[in-house]
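Structure, as structure tokens:
Protein chains: 2
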Amino acid sequence: MTAHTIDVDAAVVEDHVMRLARHGAWGETGVWRTVYSPEWVAAQDEVAEWFDAAGFEVWRDAVGNVWGRIEGADGSPGSIATGSHIDSQTPGGRYDGALGVISGYLAVKSLVEQHGRPQRTLEVVSMCEEESSRFAATNFWGSRGIAGMIKPHEPDELISYDGQRMSDIMRELGLDPARIPEAKRDDINAWVELHIEQGPLLETAGRPVAVVDAITGIRHYEVTITGRSDHAGARPIDDRRDPMHGAAEIISRVIDTALEMGRPAVTTVGRMQVDPNFPAIVPRSVTFTIDARHPDPDARNALYRRHEATLEEVCTRRGLDLSVKINTDHPPCLSNPDLVRTFQEAARAEDIPFETMPSGAAHDTQRIVNVAPVVMLFVQSKDGRSHTPEEYSYPEHMAEGVRLLAAGLHRLAY
Amino acid sequence: MTAHTIDVDAAVVEDHVMRLARHGAWGETGVWRTVYSPEWVAAQDEVAEWFDAAGFEVWRDAVGNVWGRIEGADGSPGSIATGSHIDSQTPGGRYDGALGVISGYLAVKSLVEQHGRPQRTLEVVSMCEEESSRFAATNFWGSRGIAGMIKPHEPDELISYDGQRMSDIMRELGLDPARIPEAKRDDINAWVELHIEQGPLLETAGRPVAVVDAITGIRHYEVTITGRSDHAGARPIDDRRDPMHGAAEIISRVIDTALEMGRPAVTTVGRMQVDPNFPAIVPRSVTFTIDARHPDPDARNALYRRHEATLEEVCTRRGLDLSVKINTDHPPCLSNPDLVRTFQEAARAEDIPFETMPSGAAHDTQRIVNVAPVVMLFVQSKDGRSHTPEEYSYPEHMAEGVRLLAAGLHRLAY
């Protein structure tokens, strides 16, 4: 018999998921909850009520992150913190982000109920924004606030997809953009974020949870290939500078490159715009994105070098003009080895089957790593789906996630 | 010494091009003149004035085509007709369409001035619409009116890009949509349309003009490939059903197929839409067009069979769902061999260097072939450009076109 640090009722976890999902409910199973929207305010208010009812000290920081705190008995400085983001894709599902807030709340609440006051301070945070679903470039507003990475000019420059200014939106909610630097924390001794996997690996492996040892490095290229627009009938096929023909070869080859390198390399071309985009006109230019990821720093560089060589080679050979911008470039975020070990040992002690794996998705944690040692936990996603109303995690898997989170926090704070 | 049927001053031709180009002038050298717009009304009014001043009998038919007529002396039924369209791309250039109207006017005016009244009736027409630049599906409104191909429901169903109904627009100009059938002609004994080439072949060959022996067959496929949308980071590269990867292979291969078949086969992918079109999401579906053309009926069928086999093979192998619609399917339009011979002989007699070639572009003539024997003439396009303000034809080449048109009409009508 293994000892359980805490007991968790899977139905209680699912009930909390459903309660948060009412705020911005979209269709049968979706959620549409963008940062600072009325639905978002209602969700953060409900989280604050949960924290308050559980006896946490509650406050909101300068970007609207909601914090709950249980002061440690030993009076030592700093805290052990957990949490995730409360906003969603448009539409997203019920689990992405929200499950990390709920799991943190239930884990800390259960620890206090079942083990009393911790030695070291525990904190849970419901972060305001991660998805960039209202503004293109918020770029993890909540965790950038915590890490002190929001620049003073940003609130006046960020414009939402529907044309509103970030600073105006914040002021309407009583948040003063000038005070954003006050959200910065430099007293977090350990950070752990629980999140759904968003991929199929845990389902394939038959494991409910994972300890995440790295978050992948991500680079987004924006590639524009320019040729010569021509009449689709009158310009002979052998006398064209057709950027679509070049783009098709490049797209085939960069995805093939990731296939050749194998897991965990991934390359995605998710966005394309054609100018002028008429059936009977050879395009003047084709613009597309290349999203390429690898959690290993050396392999990542090799992947990027091969992609860049493909772009150059194809465009030179075909006489096409090439323009490449790098819009996003996150280095891999490595988890703290001690924290990885702590949660691996906790899983073994609790008899929770787990994987150790990198995250192919980006997360708030890769901002918080700038101010604290970090680790992440994953909970299995059914069919590997996320960023869709169809995303789903089984209650028993979520409960195992809460148990593992609590067991690790217990090792760190008690 | 060869005898010139008529003398043509290149400066006069160019002057008429510039005069028409004022109506809807766009930027330095462009024209933006959509059907039934104020600019279009002004252009048709000017053409009607030219016709009237030259002693042509002028009238406007039920779709707004402006006709000018010189009654033949022998009283035989029917007429020899020439002309082209007055509308433009948005923006287009000064020559596409307009040059055929101007050349018809100058050729018939010069014939009457220099040779007197013809035996058979001559007509010149400035057709209202060919470019589909105001409505997506007018589909050659002017020549479909002449061929009696406009269906009764169309004027109420066609909606312009800016949301206006065709029937309302026509009524505002005093055109009664119910009378469109009256525009049909069944008394045209021969039709010839002069047009710019829109491609580079005459320039490469160093010839000012061509006699067109066929208009290419055109098929527009609208292809939708559906896979599974996935997170760009969390779904392993080898476990995707990525429609972009399949589309890229297909686009490469269909264009390669046209290259292998060689001239005059052409295949163009000019339009693509990606769903949902985000950099970090593997697309759910990719929709693109394939425009494939060949003037030879057998080669055309072979081209289409190879494209369709590629679509099937790639999607089956990759486990992608394939949906194919054929939005446009014009068979090749063959010129009347007697008319081709008449214009070839006229060119030789006039000592005008010419090519005999198919048209890779679509033209009004492929509608008029339903009610009359047809032929077309091309005038060289500088750099093969068209559908752009940069299109240009040299005055001396245009003058050779007018001379050839007049010489052929002389053989047919005198």
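In order, the protein sequences belong to chains H and E.
Okay, so the first sequence: first residue is 121 according to this note's numbering, each after it adds one.
Okay, so the second sequence: first residue is 121 according to this note's numbering, each after it adds one.
Backbone N, C-alpha and C define an ideal beta-carbon position, used for all residues, glycine too.
For clarity, every value in this text was computed on a predicted model and none was experimentally measured.
Helix, strand or coil at residue i [DSSP, three-state]
i, result
"residue 352 (chain E)", "coil"
"residue 328 (chain H)", "coil"
"residue 458 (chain H)", "helix"
"residue 160 (chain E)", "helix"
"residue 127 (chain H)", "coil"
"residue 386 (chain H)", "strand"
"residue 436 (chain H)", "helix"
"residue 179 (chain E)", "strand"
"residue 270 (chain H)", "coil"
"residue 314 (chain E)", "strand"
"residue 491 (chain E)", "coil"
"residue 478 (chain H)", "strand"
"residue 194 (chain H)", "coil"
Cβ of residue i within 8 Å of any chain C Cβ
i, result
"residue 317 (chain E)", "The question asks about chain C, but that chain is absent: this structure's protein chains are H and E."
Contact list for residue i against chain H, beta-carbon separation under 9 Å
i, result
"residue 397 (chain E)", "390, 391, 392, 393"
"residue 257 (chain E)", "Those do not exist, as residue 257 (chain E) stays about 13 Å from chain H at its closest Cβ, beyond 9 Å."
"residue 480 (chain E)", "351, 352, 353, 354, 355, 356"
"residue 330 (chain E)", "The premise fails here: residue 330 (chain E) is roughly 12 Å from chain H at the closest Cβ pair, so nothing lies under 9 Å."
"residue 218 (chain E)", "The premise fails here: residue 218 (chain E) is roughly 17 Å from chain H at the closest Cβ pair, so nothing lies under 9 Å."
Same chain only: Cβ atoms within 7 Å of residue i, ignoring 5 sequence neighbours per side
i, result
"residue 515 (chain H)", "130, 131, 133, 134"
"residue 262 (chain H)", "183, 185, 205, 247, 248, 249, 250, 484"
"residue 196 (chain E)", "240"
"residue 440 (chain E)", "345, 346, 347, 361, 363, 366"
"residue 486 (chain H)", "335, 450, 453"
"residue 373 (chain E)", "430"
Closer than 8 Å at the beta carbon, the chain E residues around residue i
i, result
"residue 372 (chain H)", "365, 368, 369, 372"
Beta-carbon proximity list for residue i, same chain, < 6 Å, skipping 5 on both sides
i, result
"residue 449 (chain H)", "339"
"residue 151 (chain H)", "141, 144, 208, 212, 214"
"residue 362 (chain E)", "347, 402"
"residue 146 (chain E)", "152, 211"
"residue 226 (chain E)", "522"
"residue 125 (chain H)", "526, 527, 530"
"residue 489 (chain E)", "453"
"residue 290 (chain E)", "297"
"residue 318 (chain E)", "481, 501, 506"
"residue 476 (chain H)", "331, 333"
"residue 155 (chain E)", "207, 248, 249, 254"
Neighbour list for residue i in chain H, Cβ cutoff strictly below 7 Å
i, result
"residue 238 (chain E)", "Here the premise fails: no neighbours, minimum Cβ distance about 33 Å."
"residue 359 (chain E)", "320"
"residue 411 (chain E)", "352, 399, 400"
"residue 336 (chain E)", "353"
"residue 507 (chain E)", "351, 401"
"residue 379 (chain E)", "357, 358"
"residue 422 (chain E)", "None at all; the shortest Cβ gap to chain H is about 15 Å."
Boundaries (first-last residue) of the alpha helix (DSSP H) holding residue i
i, result
"residue 518 (chain H)", "515-533"
"residue 226 (chain E)", "218-235"
"residue 291 (chain H)", "286-292"
"residue 538 (chain H)", "The question about residue 538 (chain H) has no answer here: the residues shown for chain H are numbered 121 through 534."
"residue 263 (chain H)", "261-267"
Boundaries (first-last residue) of the beta strand (DSSP E) holding residue i
i, result
"residue 442 (chain E)", "441-450"
"residue 345 (chain H)", "337-346"
"residue 497 (chain H)", "494-499"
"residue 395 (chain E)", "392-395"
Closer than 8 Å at the beta carbon, the chain H residues around residue i
i, result
"residue 499 (chain E)", "What residue 499 (chain E) touches in chain H: nothing, since even the nearest Cβ is about 13 Å away."
"residue 362 (chain E)", "375, 388"
"residue 385 (chain E)", "357"
Contacts of residue i in chain E (Cβ-Cβ under 9 Å)
i, result
"residue 417 (chain H)", "Within chain E, no residue comes near residue 417 (chain H); the closest Cβ sits about 16 Å away, beyond 9 Å."
"residue 340 (chain H)", "399, 400"
Neighbourhood of residue i by C-beta, 8 Å cutoff - its chain only, sequence neighbours within 5 removed
i, result
"residue 192 (chain E)", "199, 237, 238, 239, 240, 241, 242, 533"
"residue 360 (chain H)", "347, 348, 350, 402"
"residue 504 (chain H)", "317, 318, 319, 320, 321, 323"
Proximal residues of chain E, C-beta to C-beta of residue i below 7 Å
i, result
"residue 212 (chain H)", "Here the premise fails: no neighbours, minimum Cβ distance about 11 Å."
message: Would you call the segment 387-397 of chain H in contact with the segment 351-358 of chain H, where contact means no fewer than 3 C-beta pairs closer than 8 Å?
response: no
- prompt: Between the segment 479-498 of chain H and the segment 310-322 of chain H, do at least 3 Cβ pairs fall closer than 8 Å?
  reply: yes
- request: Examine the Cβ distances between the segment 155-169 of chain E and the segment 244-253 of chain E and report whether three or more of them are shorter than 8 Å.
  value: yes
The segment 318-338 of chain E / the segment 218-233 of chain E touching (three or more Cβ pairs under 8 Å): no
Stretch-stretch touch, CB-based, cutoff 8 Å, three pairs: the segment 369-376 of chain E with the segment 427-447 of chain E: yes
task: Count the CB pairs spanning the segment 462-472 of chain H and the segment 274-285 of chain H that are closer than 8 Å, and state whether there are at least three.
output: no
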